[in-house]
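Q: Read in order, the letters of the sequence shown are residues -19 to -1, 1 to 74 in mature numbering (1 follows the signal peptide of the UniProt record, and there is no 0).
Ideal Cβ positions, reconstructed from N, Cα and C, are used throughout, including at glycine.
Just so it is clear, the structure is predicted and the values come from calculations on it, not from any experiment.
Mind having a look at this structure? Questions to follow.
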Amino acid sequence: MRNLVILGLVLAAATPVSAQSDKAARCETSAKVVMEAVQARKDGIPLKRTERELRRALDRDAGSMLAQWIYGLPEDQLTLDVGRSWEQQCLTQ
């Protein structure tokens, strides 16, 4: 879970090099945060603990929504595809 906090801080503190590369870096970092939360769920860490860590790393609403979404996924969907899909969706925005 410490990685979640560190990744969240990195995400918030990232300085732009260029608009496109900055966006790609932010999307990659946010996908890593998502995958850390997926791994937490797979490791049996309770929802409330993951939610608390995500709220610290992101913000109250985003952390809660992300945790609820990840813990609502069927177990067979807890794969690397979650992070890949997250990153792709991020890049299209």
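1. Please state whether DSSP places G44 in a helix, a strand or coil.
2. So the alpha helix (DSSP H) L35 belongs to, where does it begin and stop?
3. Locate the alpha helix (DSSP H) running through E68, then write down its first and last residues.
4. Applying the 10 Å Cβ sphere with the 16-neighbour rule, what's the burial state of E34?
5. Among T73, K4, S11, A18, which residue has its Cα nearest to the Cα of L59?
6. What distance in whole Å lies between the Cβ atoms of V15 and V63, which are believed to be in contact at a cut-off of 8 angstroms?
7. Quick check on this structure: which residue in S2, T73, A48 has the alpha carbon closest to the alpha carbon of K23?
A: Looking at the atomic coordinates:
1. helix
2. 28 to 38
3. 61 to 73
4. buried
5. A18
6. 6 angstroms
7. A48
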